[in-house]
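If you use the numbering used here, the sequence shown corresponds to residues 1342 to 1644, in order.
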Amino acid sequence: MNPQAIMDGLITGSMIGLGAIGVTLTYSILRFANFAHGEFISWGAYFALAISGALGSLSGAFLAPIGPFSFGWSLPLATVLAVALTGGLALLVDALLFGRLRAQRGAVIIMVMASFGAALTLRSLLEFIFTSKPAYFSKALQIAMPLGGGLRATPDQLLSLGIAVLLVVAVHLLLTRTAIGRSMRAVSENQQLAGVVGIDVRKVIRTVWVLGAGLACVAGVMAGLLVQIRPYMGFDLLLPLFAAAILGGIGSVPGAMLAGLIVGLTEAFAVQLIGAEWRAAIAFVILVAVLLLRPQGLFGRPE
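Here's what the structure looks like:
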């Protein structure tokens, strides 16, 4: 077994974990599986690409690499703005589609089918604007550094792992140590009762959309930086996202991240053992196994 598979799995798993946090929070609050969540990953990456390019055209200083990394200051600045724009996009989709269905007390299956339609619309619009040609934040080549034990990683990969860990800790603290976090947990337990005791349910829902979409944007930027940017990048990650969200336990942020790492490592080992053509099936196998053996996931509670 190639030990490098461990590093590859951790890197992939960190991206899956960040995206899965949005899936698990959305489901725990709104009680439906949002299949449009993967498109926020793609839109976030393209938002960052467009803003980074615009900043680079204003001044070449923005493009000069920062230390050992392959990108300049244009990408961090663009990512901050892209997070805000992706959060705004999520709020817009909710206002135009999901919010109207909630007001009409639409059935869960209607919400799920609507999310399918939203995903197709967002993906097609993205492909129309940017075309299907792959794009890159940087084409600079990086040399992987030895980390010991046969593991190697580039500075960009190590930075991505560090950012993923920091974001998970930050979100966990937000949910456990702040007033809005306590409100989110209350709404996830019982939305009607939370409204009766004075919690602003609409504010909680808006917060969940912005938070989930922002994390998806960061995951998209990470994927674009380490691999490439494509309109279908979010769609390709959708099944692993749901597998990680269910494996970690609905509503559990640390569980989603840990499960994302498990899914990523499992995919990496499967590539080594049985070939890359089976990689896409691994998340499906994990999803089915969890639903059959432990539906509440690793950190979830049985209904």
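Cβ coordinates follow ideal geometry from the N, Cα and C atoms, glycine included.
### Message
Quick check: A1535 and I1362, are their CB atoms within less than 8 Å of each other?
### Response
Taking 8 Å as the Cβ cut-off, A1535 and I1362 do not qualify as a contacting pair.
#### Entry: Coarse secondary structure for R1464, derived from DSSP in three states
R1464: helix per DSSP, three-state reduction.
### Query
Who are the Cβ neighbours of L1371 in its own chain at under 6 Å, not counting the five residues just before and after it?
So the list is empty, once near-sequence residues are dropped.
### Task
Let me know the secondary structure DSSP gives P1475 once reduced to three states.
Here P1475 sits in coil by DSSP.
### Query
From the DSSP output, which residues share a beta bridge with A1494?
Residue pairing of A1494 in beta bridges, as defined by DSSP: M1486.
### Query
Does DSSP classify I1587 as helix, strand or coil?
Per DSSP, reduced to three states, the secondary structure at I1587 is helical.
### Message
Using only the alpha-carbon positions, how far apart do G1561 and F1469 sit?
### Response
The straight-line gap from Cα to Cα measures roughly 19 Å.
#### Entry: Bounding residues of the alpha helix (DSSP H) (the contiguous stretch that carries Q1533)
Looking at the DSSP string, the run of the alpha helix (DSSP H) that includes Q1533 is Q1532 to V1537.
### Message
Using the Cβ count rule (16 or more neighbours within 10 Å means buried), how would you classify G1539?
### Response
G1539 is exposed by the Cβ-count criterion.
### Task
Could you check the C-alpha separation between F1388 and A1460 for me, to the nearest Å?
Spanning the two alpha carbons is a distance of roughly 17 Å.
### Message
Under 8 Å, with one C-beta from each stretch per pair, do the segment 1552-1567 and the segment 1347-1366 reach the 3-pair mark?
### Response
With three or more CB-CB distances shorter than 8 Å, the segment 1552-1567 counts as touching the segment 1347-1366.
### Query
Which residues bound the alpha helix (DSSP H) around G1406?
In the sequence as presented, Gly is not what sits at residue 1406; that position holds Pro. Segment: none, P1406 is in no alpha helix (DSSP H) and carries neither H nor E.
#### Entry: Same chain only: Cβ atoms within 8 Å of A1564, ignoring 5 sequence neighbours per side
Answer for A1564: M1356, I1382, A1386, I1570, M1574 and L1578, listed in chain order.
### Query
In its own chain, which residues sit with a C-beta less than 6 Å from the C-beta of D1435, not counting the 5 before and 5 after it?
Beyond the five residues adjoining it in sequence on each side, D1435 comes within less than 6 Å, by CB distance, of W1550 in the same chain, given in chain order.
### Query
Contact between the segment 1627-1643 and the segment 1389-1409: three or more CB pairs below 8 Å?
Touching, no, given that fewer than three Cβ pairs across the two stretches are closer than 8 Å.
### Top-ranked residue by Cα proximity to S1456, from L1467, F1471, A1444 and G1440
Of L1467, F1471, A1444 and G1440, the smallest CA-CA separation from S1456 is found for G1440.
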